[in-house]
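Residue numbers (the numbering used here): -14 to 451.
The beta-carbon is built from N, C-alpha and C at its ideal position, and this holds for glycine as well.
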Amino acid sequence: MHQSKLIELLQKLPARQLQRFGTFLQSPYFNKNTENKLLFNYLLPFAPDFQAPGLDKRKVGDALGIAARPLAYRMSELAQLLEQFLLVEQLMAQPMEQQLGLMTLFQEMELPKHYNAALRKARKLAESYPYQDGPYLQYLYRIAELENRHSEQYERNYREELQYTADALDRAYLAEKLRYSLEMVNAGLVLDVHYQLNLGEAVIQWVQEQAFEDTPVIRVYLSALLMLQHPEETKHFNRLRQLLQENADDIPPPELKNLYTYLLNYCTRRINRFRDESYYAHFLELNELLLEKGLLLEDGQLAPWRYSNLITVGLRTGKLEWVHQFLNEYKKYLPEAFRENIFHYNLGHYLYWRKEYDKAQVVLNQLDLRDLLLAVAAKNLLAKIYFETGQTELLLSFLEAYRIYIYRNPLAKPQLKKQLRNFIDYTRKLAKLESFETKKRKELAESLPPPTEVLEWEWLNKWLNG
(Lines of atoms letter the chains of each structure in order from A and count residues from 1; the text may use other names and numbers.)
(Lines give C-alpha, C1' and ligand atoms only; values in the text may rest on other atoms or scores of the structure.)
Protein backbone atom coordinates (compact mmCIF):
# COMPACT_ATOMS: atom_id res chain seq x y z
CA MET A 1 0.00 0.00 0.00
CA HIS A 2 2.93 2.31 0.68
CA GLN A 3 3.73 2.47 -3.06
CA SER A 4 0.14 3.02 -4.24
CA LYS A 5 -1.00 6.05 -6.25
CA LEU A 6 -3.31 7.00 -3.39
CA ILE A 7 -0.51 7.16 -0.83
CA GLU A 8 1.77 9.06 -3.24
CA LEU A 9 -0.95 11.68 -3.67
CA LEU A 10 -1.68 11.96 0.05
CA GLN A 11 2.03 12.44 0.82
CA LYS A 12 2.05 15.61 -1.30
CA LEU A 13 -0.81 17.32 0.56
CA PRO A 14 -0.17 19.72 3.47
CA ALA A 15 -2.19 19.29 6.66
CA ARG A 16 -4.80 21.95 5.83
CA GLN A 17 -5.45 20.49 2.40
CA LEU A 18 -5.90 17.05 3.92
CA GLN A 19 -8.50 18.54 6.25
CA ARG A 20 -10.31 20.12 3.31
CA PHE A 21 -10.29 16.78 1.51
CA GLY A 22 -11.96 15.25 4.54
CA THR A 23 -14.68 17.90 4.30
CA PHE A 24 -14.97 17.24 0.58
CA LEU A 25 -15.65 13.56 1.27
CA GLN A 26 -18.63 14.50 3.44
CA SER A 27 -20.46 15.80 0.36
CA PRO A 28 -22.80 13.14 -1.07
CA TYR A 29 -22.67 14.99 -4.40
CA PHE A 30 -19.06 13.86 -4.86
CA ASN A 31 -18.78 10.90 -2.50
CA LYS A 32 -21.68 8.48 -2.68
CA ASN A 33 -20.00 5.74 -0.66
CA THR A 34 -19.48 6.36 3.06
CA GLU A 35 -16.82 3.63 3.19
CA ASN A 36 -14.46 5.99 1.32
CA LYS A 37 -14.65 8.38 4.25
CA LEU A 38 -13.94 5.52 6.68
CA LEU A 39 -10.82 4.56 4.71
CA PHE A 40 -9.61 8.17 4.68
CA ASN A 41 -10.23 8.55 8.41
CA TYR A 42 -8.09 5.45 9.00
CA LEU A 43 -5.27 6.79 6.80
CA LEU A 44 -5.23 10.37 8.11
CA PRO A 45 -3.37 9.72 11.41
CA PHE A 46 -0.44 8.37 9.38
CA ALA A 47 0.15 11.82 7.80
CA PRO A 48 2.37 13.42 6.66
CA ASP A 49 4.69 10.61 5.48
CA PHE A 50 2.16 7.74 5.36
CA GLN A 51 4.98 5.22 5.78
CA ALA A 52 4.13 3.51 9.10
CA PRO A 53 3.86 -0.31 9.28
CA GLY A 54 0.16 0.12 10.05
CA LEU A 55 -0.39 0.93 6.37
CA ASP A 56 0.32 -2.63 5.32
CA LYS A 57 -2.64 -3.73 3.16
CA ARG A 58 -3.42 -6.71 5.34
CA LYS A 59 -3.45 -4.59 8.50
CA VAL A 60 -5.64 -1.94 6.87
CA GLY A 61 -8.04 -4.60 5.62
CA ASP A 62 -8.25 -6.23 9.06
CA ALA A 63 -8.84 -2.87 10.76
CA LEU A 64 -11.68 -1.97 8.40
CA GLY A 65 -13.04 -5.45 7.93
CA ILE A 66 -12.42 -5.38 4.16
CA ALA A 67 -10.98 -8.18 2.03
CA ALA A 68 -8.02 -7.55 -0.28
CA ARG A 69 -9.96 -7.06 -3.53
CA PRO A 70 -12.67 -4.73 -2.10
CA LEU A 71 -9.89 -2.76 -0.39
CA ALA A 72 -8.16 -2.30 -3.76
CA TYR A 73 -11.43 -1.00 -5.23
CA ARG A 74 -11.89 1.33 -2.27
CA MET A 75 -8.36 2.69 -2.63
CA SER A 76 -8.90 3.28 -6.35
CA GLU A 77 -12.18 5.10 -5.71
CA LEU A 78 -10.65 7.24 -2.97
CA ALA A 79 -7.77 8.15 -5.31
CA GLN A 80 -10.29 9.23 -7.97
CA LEU A 81 -12.12 11.36 -5.42
CA LEU A 82 -8.82 12.94 -4.41
CA GLU A 83 -8.12 13.79 -8.06
CA GLN A 84 -11.58 15.40 -8.33
CA PHE A 85 -10.88 17.36 -5.15
CA LEU A 86 -7.58 18.65 -6.54
CA LEU A 87 -9.31 19.77 -9.74
CA VAL A 88 -11.94 21.65 -7.73
CA GLU A 89 -9.22 23.28 -5.61
CA GLN A 90 -7.33 24.31 -8.72
CA LEU A 91 -10.40 25.82 -10.35
CA MET A 92 -11.39 27.70 -7.19
CA ALA A 93 -7.91 29.22 -7.09
CA GLN A 94 -8.25 30.54 -10.66
CA PRO A 95 -10.99 33.18 -10.87
CA MET A 96 -10.17 33.91 -14.50
CA GLU A 97 -10.82 30.29 -15.47
CA GLN A 98 -14.06 30.37 -13.51
CA GLN A 99 -15.43 33.33 -15.48
CA LEU A 100 -14.37 31.87 -18.82
CA GLY A 101 -16.11 28.64 -17.88
CA LEU A 102 -19.27 30.50 -16.88
CA MET A 103 -19.25 32.50 -20.12
CA THR A 104 -19.08 29.24 -22.08
CA LEU A 105 -21.89 27.65 -20.07
CA PHE A 106 -24.21 30.66 -20.20
CA GLN A 107 -23.68 31.01 -23.93
CA GLU A 108 -24.58 27.35 -24.45
CA MET A 109 -27.61 27.77 -22.17
CA GLU A 110 -28.67 30.91 -24.09
CA LEU A 111 -28.70 33.13 -21.00
CA PRO A 112 -27.49 36.52 -22.32
CA LYS A 113 -27.91 38.39 -19.01
CA HIS A 114 -25.85 35.83 -17.15
CA TYR A 115 -23.33 35.75 -20.00
CA ASN A 116 -22.89 39.54 -19.94
CA ALA A 117 -22.44 39.52 -16.16
CA ALA A 118 -19.70 36.90 -16.46
CA LEU A 119 -18.13 38.89 -19.31
CA ARG A 120 -17.98 42.04 -17.16
CA LYS A 121 -16.31 40.11 -14.35
CA ALA A 122 -13.85 38.57 -16.81
CA ARG A 123 -12.90 42.01 -18.12
CA LYS A 124 -12.44 43.36 -14.60
CA LEU A 125 -10.15 40.47 -13.79
CA ALA A 126 -8.13 41.25 -16.92
CA GLU A 127 -7.87 44.91 -15.86
CA SER A 128 -6.65 43.92 -12.39
CA TYR A 129 -4.15 41.33 -13.64
CA PRO A 130 -0.74 42.63 -12.48
CA TYR A 131 1.29 41.76 -15.58
CA GLN A 132 1.17 41.97 -19.37
CA ASP A 133 2.83 38.67 -20.09
CA GLY A 134 2.01 35.67 -22.27
CA PRO A 135 -0.73 34.25 -19.98
CA TYR A 136 -2.36 37.69 -19.90
CA LEU A 137 -2.45 37.84 -23.70
CA GLN A 138 -3.86 34.32 -23.85
CA TYR A 139 -6.59 35.31 -21.40
CA LEU A 140 -7.51 38.35 -23.52
CA TYR A 141 -7.71 36.11 -26.58
CA ARG A 142 -9.96 33.60 -24.85
CA ILE A 143 -12.34 36.38 -23.78
CA ALA A 144 -12.32 37.76 -27.32
CA GLU A 145 -12.94 34.31 -28.80
CA LEU A 146 -16.02 33.82 -26.61
CA GLU A 147 -17.26 37.33 -27.45
CA ASN A 148 -16.83 36.61 -31.14
CA ARG A 149 -18.69 33.33 -30.87
CA HIS A 150 -21.47 35.09 -28.94
CA SER A 151 -21.77 37.91 -31.50
CA GLU A 152 -22.19 35.40 -34.35
CA GLN A 153 -25.66 34.65 -33.04
CA TYR A 154 -26.87 38.24 -33.46
CA GLU A 155 -24.87 39.97 -36.21
CA ARG A 156 -24.60 39.21 -39.92
CA ASN A 157 -22.58 42.26 -41.05
CA TYR A 158 -19.06 43.47 -40.22
CA ARG A 159 -18.22 42.39 -36.70
CA GLU A 160 -15.55 44.19 -34.69
CA GLU A 161 -15.38 41.15 -32.45
CA LEU A 162 -13.98 39.04 -35.28
CA GLN A 163 -11.18 41.50 -36.02
CA TYR A 164 -10.39 41.94 -32.33
CA THR A 165 -10.29 38.18 -31.81
CA ALA A 166 -7.92 37.65 -34.74
CA ASP A 167 -5.63 40.42 -33.44
CA ALA A 168 -5.72 39.03 -29.91
CA LEU A 169 -4.81 35.60 -31.25
CA ASP A 170 -1.86 37.12 -33.14
CA ARG A 171 -0.50 38.72 -29.99
CA ALA A 172 -1.00 35.67 -27.80
CA TYR A 173 0.59 33.37 -30.38
CA LEU A 174 3.51 35.67 -31.17
CA ALA A 175 4.42 36.14 -27.52
CA GLU A 176 4.50 32.39 -26.92
CA LYS A 177 6.23 31.57 -30.20
CA LEU A 178 8.96 34.11 -29.54
CA ARG A 179 9.38 32.87 -25.96
CA TYR A 180 9.81 29.28 -27.12
CA SER A 181 12.17 30.37 -29.90
CA LEU A 182 14.21 32.30 -27.35
CA GLU A 183 14.52 29.23 -25.13
CA MET A 184 15.62 27.09 -28.08
CA VAL A 185 18.25 29.56 -29.29
CA ASN A 186 19.59 29.99 -25.76
CA ALA A 187 19.80 26.21 -25.29
CA GLY A 188 21.90 26.03 -28.44
CA LEU A 189 24.35 28.56 -27.00
CA VAL A 190 24.51 27.33 -23.41
CA LEU A 191 23.96 23.58 -23.66
CA ASP A 192 25.10 22.95 -27.24
CA VAL A 193 21.77 21.33 -28.09
CA HIS A 194 20.08 22.46 -31.27
CA TYR A 195 16.42 22.87 -32.15
CA GLN A 196 14.70 23.78 -35.41
CA LEU A 197 12.85 27.09 -35.15
CA ASN A 198 10.82 26.24 -38.26
CA LEU A 199 8.02 28.82 -38.41
CA GLY A 200 9.88 30.77 -35.74
CA GLU A 201 12.25 32.22 -38.35
CA ALA A 202 9.33 33.65 -40.34
CA VAL A 203 7.73 34.96 -37.15
CA ILE A 204 10.92 36.77 -36.18
CA GLN A 205 11.12 38.37 -39.61
CA TRP A 206 7.45 39.38 -39.57
CA VAL A 207 7.50 40.81 -36.04
CA GLN A 208 10.49 43.00 -36.92
CA GLU A 209 8.30 44.68 -39.56
CA GLN A 210 5.52 45.48 -37.07
CA ALA A 211 5.46 48.01 -34.25
CA PHE A 212 3.52 46.22 -31.48
CA GLU A 213 3.93 49.31 -29.34
CA ASP A 214 0.90 48.21 -27.31
CA THR A 215 2.41 44.80 -26.53
CA PRO A 216 5.79 45.26 -24.78
CA VAL A 217 6.28 41.55 -24.09
CA ILE A 218 6.52 40.85 -27.83
CA ARG A 219 9.17 43.54 -28.27
CA VAL A 220 11.04 42.22 -25.23
CA TYR A 221 11.22 38.66 -26.56
CA LEU A 222 12.13 39.85 -30.04
CA SER A 223 15.01 41.98 -28.73
CA ALA A 224 16.27 39.10 -26.59
CA LEU A 225 16.19 36.75 -29.58
CA LEU A 226 18.03 39.15 -31.87
CA MET A 227 20.61 39.77 -29.14
CA LEU A 228 21.37 36.05 -28.93
CA GLN A 229 21.36 35.50 -32.68
CA HIS A 230 23.51 38.55 -33.49
CA PRO A 231 25.98 39.08 -30.61
CA GLU A 232 28.11 41.33 -32.80
CA GLU A 233 25.30 43.92 -32.90
CA THR A 234 25.26 45.52 -29.45
CA LYS A 235 22.15 47.56 -30.26
CA HIS A 236 19.95 44.59 -29.37
CA PHE A 237 21.53 44.39 -25.91
CA ASN A 238 20.89 48.08 -25.35
CA ARG A 239 17.34 47.77 -26.65
CA LEU A 240 16.48 44.82 -24.41
CA ARG A 241 17.97 46.53 -21.38
CA GLN A 242 15.91 49.65 -22.06
CA LEU A 243 12.70 47.66 -22.59
CA LEU A 244 13.18 45.77 -19.33
CA GLN A 245 13.72 49.00 -17.43
CA GLU A 246 10.60 50.54 -18.95
CA ASN A 247 8.36 47.49 -18.52
CA ALA A 248 9.71 45.76 -15.41
CA ASP A 249 6.41 46.13 -13.57
CA ASP A 250 4.54 44.33 -16.37
CA ILE A 251 6.68 41.17 -16.21
CA PRO A 252 6.40 38.54 -13.45
CA PRO A 253 9.57 38.48 -11.26
CA PRO A 254 10.70 34.95 -12.27
CA GLU A 255 10.44 35.82 -15.97
CA LEU A 256 12.07 39.21 -15.39
CA LYS A 257 15.02 37.48 -13.71
CA ASN A 258 15.22 35.04 -16.61
CA LEU A 259 15.35 37.88 -19.14
CA TYR A 260 18.03 39.70 -17.15
CA THR A 261 19.98 36.44 -17.13
CA TYR A 262 20.04 36.62 -20.94
CA LEU A 263 21.59 40.09 -20.60
CA LEU A 264 24.17 38.83 -18.11
CA ASN A 265 25.09 35.89 -20.34
CA TYR A 266 25.46 38.29 -23.25
CA CYS A 267 27.91 40.37 -21.19
CA THR A 268 29.95 37.24 -20.49
CA ARG A 269 29.87 36.36 -24.18
CA ARG A 270 31.07 39.84 -25.19
CA ILE A 271 33.92 39.60 -22.68
CA ASN A 272 35.07 36.08 -23.57
CA ARG A 273 34.41 35.99 -27.30
CA PHE A 274 34.89 39.62 -28.32
CA ARG A 275 37.40 40.65 -25.62
CA ASP A 276 35.18 43.64 -24.88
CA GLU A 277 36.08 44.53 -21.29
CA SER A 278 33.58 47.40 -21.19
CA TYR A 279 30.95 44.75 -20.51
CA TYR A 280 32.35 44.11 -17.05
CA ALA A 281 30.76 47.41 -16.04
CA HIS A 282 27.46 46.47 -17.71
CA PHE A 283 27.56 43.11 -15.94
CA LEU A 284 28.00 44.74 -12.56
CA GLU A 285 25.32 47.38 -13.18
CA LEU A 286 22.78 44.72 -14.13
CA ASN A 287 23.58 42.71 -11.02
CA GLU A 288 23.25 45.80 -8.83
CA LEU A 289 19.78 46.30 -10.30
CA LEU A 290 18.85 42.68 -9.63
CA LEU A 291 20.10 43.01 -6.06
CA GLU A 292 17.89 46.07 -5.56
CA LYS A 293 14.89 44.13 -6.85
CA GLY A 294 15.72 41.13 -4.67
CA LEU A 295 15.94 38.87 -7.71
CA LEU A 296 19.35 37.34 -7.01
CA LEU A 297 18.31 35.54 -3.85
CA GLU A 298 17.03 31.96 -4.06
CA ASP A 299 14.94 31.02 -1.03
CA GLY A 300 16.52 33.92 0.82
CA GLN A 301 20.09 32.87 -0.01
CA LEU A 302 22.78 34.09 -2.39
CA ALA A 303 24.69 31.41 -4.27
CA PRO A 304 28.40 31.38 -3.26
CA TRP A 305 29.54 31.42 -6.91
CA ARG A 306 27.45 34.52 -7.60
CA TYR A 307 28.76 36.26 -4.48
CA SER A 308 32.36 35.61 -5.51
CA ASN A 309 31.68 36.49 -9.14
CA LEU A 310 30.25 39.90 -8.26
CA ILE A 311 33.19 40.68 -6.00
CA THR A 312 35.65 39.72 -8.75
CA VAL A 313 33.90 41.92 -11.31
CA GLY A 314 33.62 44.77 -8.80
CA LEU A 315 37.36 44.60 -8.20
CA ARG A 316 38.11 44.50 -11.93
CA THR A 317 36.03 47.62 -12.51
CA GLY A 318 37.74 49.47 -9.65
CA LYS A 319 34.66 49.73 -7.44
CA LEU A 320 36.51 48.86 -4.24
CA GLU A 321 34.16 50.78 -1.97
CA TRP A 322 31.14 48.98 -3.46
CA VAL A 323 32.93 45.64 -3.09
CA HIS A 324 33.67 46.29 0.59
CA GLN A 325 30.05 47.15 1.26
CA PHE A 326 28.70 44.19 -0.72
CA LEU A 327 31.23 41.81 0.83
CA ASN A 328 29.94 42.53 4.33
CA GLU A 329 26.28 43.31 3.63
CA TYR A 330 25.57 40.11 1.71
CA LYS A 331 27.65 37.75 3.83
CA LYS A 332 24.54 36.89 5.85
CA TYR A 333 22.78 35.63 2.70
CA LEU A 334 25.40 32.97 1.97
CA PRO A 335 24.43 29.37 2.86
CA GLU A 336 25.54 28.79 6.44
CA ALA A 337 27.66 25.75 5.58
CA PHE A 338 29.88 27.82 3.24
CA ARG A 339 29.49 31.29 4.74
CA GLU A 340 32.72 31.83 6.66
CA ASN A 341 34.94 30.14 4.09
CA ILE A 342 33.50 32.00 1.10
CA PHE A 343 33.49 35.30 2.96
CA HIS A 344 37.13 35.02 4.04
CA TYR A 345 38.33 33.94 0.60
CA ASN A 346 36.69 37.01 -0.91
CA LEU A 347 38.01 39.18 1.90
CA GLY A 348 41.48 37.94 0.99
CA HIS A 349 40.79 38.73 -2.66
CA TYR A 350 39.66 42.24 -1.72
CA LEU A 351 42.77 42.82 0.42
CA TYR A 352 44.95 41.59 -2.45
CA TRP A 353 43.48 44.20 -4.78
CA ARG A 354 44.13 46.87 -2.14
CA LYS A 355 47.74 45.60 -2.08
CA GLU A 356 47.40 44.78 1.61
CA TYR A 357 49.37 41.62 0.95
CA ASP A 358 50.25 40.69 4.53
CA LYS A 359 46.62 40.80 5.66
CA ALA A 360 45.46 38.93 2.55
CA GLN A 361 48.09 36.24 3.09
CA VAL A 362 46.99 35.69 6.70
CA VAL A 363 43.31 35.41 5.75
CA LEU A 364 43.92 33.01 2.85
CA ASN A 365 46.16 30.72 4.88
CA GLN A 366 43.36 30.20 7.41
CA LEU A 367 40.83 28.87 4.90
CA ASP A 368 39.38 25.36 4.94
CA LEU A 369 40.40 24.14 1.49
CA ARG A 370 38.50 20.86 1.27
CA ASP A 371 36.48 22.27 -1.65
CA LEU A 372 38.58 21.84 -4.80
CA LEU A 373 37.51 24.98 -6.66
CA LEU A 374 37.92 27.17 -3.59
CA ALA A 375 41.33 25.61 -2.98
CA VAL A 376 42.40 26.40 -6.55
CA ALA A 377 41.20 30.00 -6.33
CA ALA A 378 42.92 30.55 -2.97
CA LYS A 379 46.20 28.90 -4.02
CA ASN A 380 46.31 30.92 -7.24
CA LEU A 381 45.83 34.07 -5.22
CA LEU A 382 48.57 33.10 -2.76
CA ALA A 383 50.94 32.38 -5.65
CA LYS A 384 50.32 35.86 -7.03
CA ILE A 385 50.89 37.42 -3.61
CA TYR A 386 54.19 35.56 -3.13
CA PHE A 387 55.35 36.67 -6.57
CA GLU A 388 54.31 40.31 -6.23
CA THR A 389 55.93 40.60 -2.79
CA GLY A 390 59.22 39.11 -4.00
CA GLN A 391 59.01 35.96 -1.83
CA THR A 392 60.65 33.88 -4.55
CA GLU A 393 61.89 30.95 -2.47
CA LEU A 394 58.55 30.62 -0.71
CA LEU A 395 56.77 30.85 -4.08
CA LEU A 396 58.87 28.10 -5.69
CA SER A 397 58.33 25.78 -2.74
CA PHE A 398 54.62 26.58 -2.74
CA LEU A 399 54.29 25.91 -6.49
CA GLU A 400 55.92 22.49 -6.14
CA ALA A 401 53.52 21.54 -3.33
CA TYR A 402 50.65 22.91 -5.44
CA ARG A 403 51.74 20.76 -8.40
CA ILE A 404 51.73 17.61 -6.28
CA TYR A 405 48.35 18.53 -4.75
CA ILE A 406 46.71 18.83 -8.17
CA TYR A 407 48.42 15.74 -9.55
CA ARG A 408 47.12 13.60 -6.68
CA ASN A 409 43.65 15.12 -6.42
CA PRO A 410 41.12 12.65 -7.87
CA LEU A 411 38.42 15.33 -8.15
CA ALA A 412 40.43 17.50 -10.54
CA LYS A 413 39.35 16.92 -14.14
CA PRO A 414 41.99 16.56 -16.90
CA GLN A 415 41.26 19.99 -18.39
CA LEU A 416 41.65 21.71 -15.01
CA LYS A 417 44.89 19.82 -14.34
CA LYS A 418 46.25 20.97 -17.69
CA GLN A 419 45.30 24.60 -17.04
CA LEU A 420 46.89 24.51 -13.58
CA ARG A 421 50.07 22.80 -14.79
CA ASN A 422 50.52 25.62 -17.28
CA PHE A 423 49.86 28.26 -14.63
CA ILE A 424 52.35 26.66 -12.24
CA ASP A 425 55.01 26.18 -14.94
CA TYR A 426 54.77 29.73 -16.28
CA THR A 427 54.64 31.28 -12.83
CA ARG A 428 57.78 29.32 -11.86
CA LYS A 429 59.60 30.43 -15.04
CA LEU A 430 58.45 34.01 -14.49
CA ALA A 431 59.73 33.99 -10.91
CA LYS A 432 63.18 32.76 -12.02
CA LEU A 433 63.60 35.50 -14.62
CA GLU A 434 66.02 38.28 -13.82
CA SER A 435 65.00 41.83 -14.65
CA PHE A 436 67.70 42.12 -17.33
CA GLU A 437 66.63 38.94 -19.19
CA THR A 438 64.37 40.76 -21.64
CA LYS A 439 64.91 38.28 -24.46
CA LYS A 440 63.90 35.31 -22.30
CA ARG A 441 60.91 37.25 -21.02
CA LYS A 442 59.79 38.00 -24.58
CA GLU A 443 60.21 34.37 -25.63
CA LEU A 444 58.26 33.21 -22.59
CA ALA A 445 55.47 35.69 -23.34
CA GLU A 446 55.24 34.51 -26.94
CA SER A 447 54.95 30.88 -25.82
CA LEU A 448 52.14 31.59 -23.34
CA PRO A 449 49.20 29.29 -24.18
CA PRO A 450 45.79 30.79 -25.02
CA PRO A 451 43.41 31.69 -22.15
CA THR A 452 41.50 28.43 -22.54
CA GLU A 453 44.62 26.42 -21.66
CA VAL A 454 46.03 28.29 -18.68
CA LEU A 455 44.47 29.76 -15.56
CA GLU A 456 45.22 33.37 -14.59
CA TRP A 457 46.15 34.14 -18.22
CA GLU A 458 45.62 37.89 -17.84
CA TRP A 459 47.86 38.06 -14.78
CA LEU A 460 50.63 36.08 -16.48
CA ASN A 461 50.33 38.15 -19.65
CA LYS A 462 50.52 41.36 -17.63
CA TRP A 463 53.74 40.39 -15.84
CA LEU A 464 55.37 38.89 -18.92
CA ASN A 465 54.66 41.93 -21.07
CA GLY A 466 54.71 44.59 -18.39
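To the nearest angstrom, how far is it from the Cα of Tyr251 to the Cα of Arg141?
53 Å
Do the segment 64 to 72 and the segment 2 to 18 make contact, defined as three or more Cβ pairs closer than 8 Å?
yes
Within the segment 55 to 133, note down every full beta strand (DSSP E) run reaching 3 residues or more, in order along the chain.
none
Could you pull out every residue in the same chain whose Cβ sits closer than 7 Å to the Cβ of Leu305, ignoring the five residues on either side in sequence?
Trp338 and Arg339
Assigned exposure category for Asp41 - 16 Cβ within 10 Å defines buried:
exposed
Going by the CB atoms, is the gap between Leu282 and Ile296 shorter than 8 Å?
no
Can you find the residues in the same chain that come closer than 7 Å, C-beta to C-beta, to Leu76, ignoring five residues on each side of it along the sequence?
Glu82 and Gln83
Three or more C-beta pairs closer than 8 Å, one from the segment 172 to 182 and one from the segment 99 to 110: is that the case here?
no
Does the segment 44 to 62 come close enough to the segment 13 to 27 that 3 or more CB-CB pairs lie under 8 Å?
yes
Thinking Leu248 and Arg226 are a contact (beta carbons under 8 Å), I'd like their distance in whole angstroms, please.
6 Å
Roughly how many angstroms separate the alpha carbons of Gly50 and Leu71, rounded to a whole number?
29 Å
Restricting to runs no shorter than 4 residues, where is the alpha helix (DSSP H) found entirely within the segment 192 to 218?
201 to 214
Find out if the Cβ-Cβ distance for the pair Ala345, Phe372 is shorter than 8 Å.
no
By the three-class DSSP mapping on this structure, what secondary structure does Glu283 have?
strand
If you reduce the DSSP assignment to three classes, tell me which class Gly185 lands in.
helix
Need the endpoints of the alpha helix (DSSP H) that Thr302 sits in, please.
Premise fails: Thr302 is in no alpha helix (DSSP H) and is neither H nor E.
Go ahead and label Tyr121 buried or exposed: buried means 16 or more other beta carbons lie within 10 angstroms of its beta carbon, across all protein chains shown.
buried
For Lys106, I'd like the list of residues in its chain whose CB is within less than 6 Å of its CB, leaving aside the five on either flank, ordered along the chain.
Gln84
Where does Ser166 land, buried or exposed, given buried means 16+ other C-beta within 10 angstroms?
buried
Contact defined as beta carbons within less than 8 Å: I believe Ala266 pairs with Thr302. What is the distance between those atoms, to the nearest angstrom?
5 Å
Touching or not, the segment 350 to 359 and the segment 376 to 388, by the rule of three or more beta carbon pairs under 8 Å?
no
Residues in its own chain within less than 7 Å of Val298 by CB, not counting five upstream and five downstream?
Tyr265, Phe268 and Leu269
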